[in-house]
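Under UniProt numbering, the first residue of the sequence shown carries the number 1, and numbering increases by one thereafter. Each residue gets a CB set at the ideal place from its N, CA and C atoms; glycine is no exception. What follows is a single structure, written as structure tokens, with notes after it.
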Amino acid sequence: MSQAKGIKIYSRDNVAVALTPLEKGNVAEIDNSEIVLLENIPDAHKFALTDIPAGDPVIKYGNTIGITITDIKKGSWVHDHNMSTCANTRKSYEYTYNQEAVLPGGSAETFMGYSRYDGSVGIRNHLAVIPTVFCANGPLQKIASIAKEKYKKTENFDGILPLTHPYGCSQTGKDLETTGRTIAGIIKNPNFGGVLVVSLGCEINDLVQLKKYMGNFDPSRIKFLVLQESEDELADGMALCDEIREAMNEDKRTPAPLSKLHIALNCGGSDGFSGITANKITGSLAERLVSAGATVSMTEVPEMFGAEHILMNRAINQEVFCQVVSLIENYADYFQRYGEKVSDNPTQGNKAGGLSTIEEKSLGCIQKGGNCAVTEVVAYGGRASKQGLVLVSGPGNDLTGVTGQIAAGAVLTIFTTGRGTPCGFAGPTFRLASNSVLAEKKKGWIDFDAGRLLRVQSPQEEQELQDELYQKVLEVINGNYLTKNEINEYYQMGILRDGVTL
């Protein structure tokens, strides 16, 4: 019988993860015990380390990821055919602060960024063209195309960035407010040295509505075009772009403290390796950044279910604990209003990649935040105001979730994936592959191969890989490395909707 490779993540786990496709009859040695595999085990999937009777918990990451629905023999494949979720049950929570949580710190270390009117600091200097409403998308794209031809990228100008979206009219109430707040947050993201806002003129999310959420802004950098008031929107749009570009002429990178840095952490197309490679090493990066005074944010609230108790007990105080509880309960209510179950979150791709339940997905997902203390909970469309780990209300959907983080002030998205995705958002997206097969296959998508973490032989090698990631991210921040989405010019934004269409 040949020797099989598997990994047990936490000491109390009763399953291990196959590091390669394993065949029936292979022997895996875990904790000095030999496990004879009773079935073929796909890579990144789980196999039982002991007999698990029906009705007992399946333990991974030291936590319950589901309940067995049949007796499972030692060495058997453990997946959604023989286990089920517990995530649809409402729970009560008590606050027990995790004394080992990493608190926001300070550092003399700086990065080179673009200081803005409101005190924020960007890592890119785009002129963005953003609509208030979908009706403006066509003229906006023509204006952006002309401007792109006229204004080439330079050392301190990252080019024209058109960001269309399908909303802004036929909305009402809280849904309309969320749209306005989110667009306003994107407009004021510090990666934009200037913004041309394009309005149709009769939309519900008109400039009167939008400006309610913008607060103070530099009128030389943010300008507005109302299409219905213009006889020649292309000429008028270009005249405004000329004025904005003139205001950006003297922009230069200058040193800024890491406390001015906000990085979004997100994932998509996750697999069974995500939580033990890409998300894990991103968690070490998050701890390092937070210790130096930076802000990191996570969203994907449905992908906290089953792991929410861990985040709650990292809340920096009772008030923030209550905010995290409300975050979870509000999302449970959101699902219930539409007659859906949060346990439906894992996709067929997630399951093919070895993730059996939402609890398993969530416990891997939150690894991106390391052991950082949660310092703030921000509503979707709101702005982060604290250093440390900030939770932004938002869905598991990548586009709408990351857009919410960018509206909250994030200037870089660290995005992990196991199945692979080329998506870019409204700014630079640094993508980590959870496995080396993906990293090799999709070199045009992937910026960092975190699958190498499975092959490290010592703590020193692991630290070297963490240091490599940290230095690579600093290169992105300082403008010395363009992420693959920037090279490919893959940019987009989306907005969370929760309301009627009029």
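The three-state secondary structure of His262, taken from DSSP, is strand.
In this structure, the alpha-carbon of Lys188 lies about 17 Å from that of Tyr491.
A straight line joining the alpha-carbon of Val377 with that of Val27 spans about 46 Å. Of the residues Val456, Ile52, Ala407, the one whose Cα lies closest to the Cα of Leu496 is Ala407. Taking a cut-off of 8 Å for Cβ pairs, the stretch 439–454 and the stretch 290–304 do not touch, as fewer than three such pairs fall below it. Taking the CA atoms as reference points, Gly306 sits about 30 Å from Val500. In terms of Cα proximity to Val198, the closest of Asp206, Asn191, Ala352 is Asp206. Within the same chain, and ignoring the five residues on either side of Ile244 in sequence, the residues whose Cβ sits closer than 7 Å to its Cβ are Leu127, Gly194, Leu196, Arg221, Lys223. The DSSP-derived three-state label of Pro459 is helix.
Counting only runs of 3+ residues, the beta strand (DSSP E) found wholly inside the stretch 352–421 occupies 374–378, 388–392, 412–417, in chain order.
Fewer than three beta-carbon pairs drawn from the stretch 52–63 and the stretch 36–44 are found closer than 8 Å, and the two stretches are therefore not classed as touching.
DSSP places Asp31 in the coil class of the three-state scheme, outside both helix and strand. Residue burial annotation: Glu319 is exposed, with fewer than 16 other C-beta atoms found within 10 angstroms of its C-beta.
Here the alpha carbons of Asp80 and His45 stand approximately 11 Å from one another. Here Ile276 is not near Ile30, since their CB atoms are 8 Å or more apart.
Here Leu210 is near Ile183, since their CB atoms are less than 8 Å apart. Assignment of alpha helix (DSSP H) within the stretch 200–271, counting only whole runs of 4 or more residues, yields 207–211, 233–247 in chain order. Contact annotation: the stretch 378–397 does not touch the stretch 237–257, with fewer than three C-beta pairs closer than 8 Å. Here the alpha carbons of Pro257 and Ala108 stand approximately 7 Å from one another.
Beta-carbon to beta-carbon, Gly185 and Gly388 are separated by about 20 Å, too far to satisfy the 8 Å threshold. Contact between Thr85 and Glu359 holds: CB atoms are separated by about 6 Å, below the 8 Å threshold. Between Phe47 and Ser11, the C-beta spacing is not below 8 Å.
When the five nearest sequence neighbours on each side are left out, the beta carbons in the same chain lying within less than 7 Å of the beta carbon of Pro104 are those of Val290, Gly293, Thr375, Gln387, Gly388, in order along the chain. When secondary structure is reduced to three states using DSSP, Arg337 falls in the helix class. With a minimum length of 4 residues, the unbroken runs of alpha helix (DSSP H) contained wholly in the stretch 271–297 fall at 278–291. Sequence-distant Cβ neighbours of Gly66 in its own chain, meaning closer than 8 Å and more than five residues away, are Pro57, Val58, Met83, Ser84, Thr85, Cys86, Ser356, Thr357, Glu359, Glu360. Nearest to Asp398 by alpha-carbon distance, out of Asp467, Thr154, Gly269, Pro21, is Gly269. When rounded, the separation of the alpha-carbon atoms in Lys351 and Glu250 is 51 Å. For Glu100, the closest alpha carbon among the candidates Pro422, Cys372, Arg419 is that of Cys372.
When the beta-carbon positions are compared, Ile414 and Leu265 come within less than 8 Å of each other.
Beta-carbon to beta-carbon, Tyr93 and Val325 are separated by about 5 Å, close enough to satisfy the 8 Å threshold. Residue environment for Cys202: exposed (fewer than 16 other C-beta atoms within 10 angstroms of its C-beta). Cβ-Cβ separation between Ser436 and Asp449: approximately 5 Å, consistent with a contact (criterion under 8 Å). In the DSSP assignment, Val437 falls within the alpha helix (DSSP H) that extends over 436–441.
Counting every other CB atom within 10 Å of its CB across the protein chains shown gives Glu486 a total of 16 or more, marking it as buried. Collapsing the DSSP output to three states places Arg431 in a strand.
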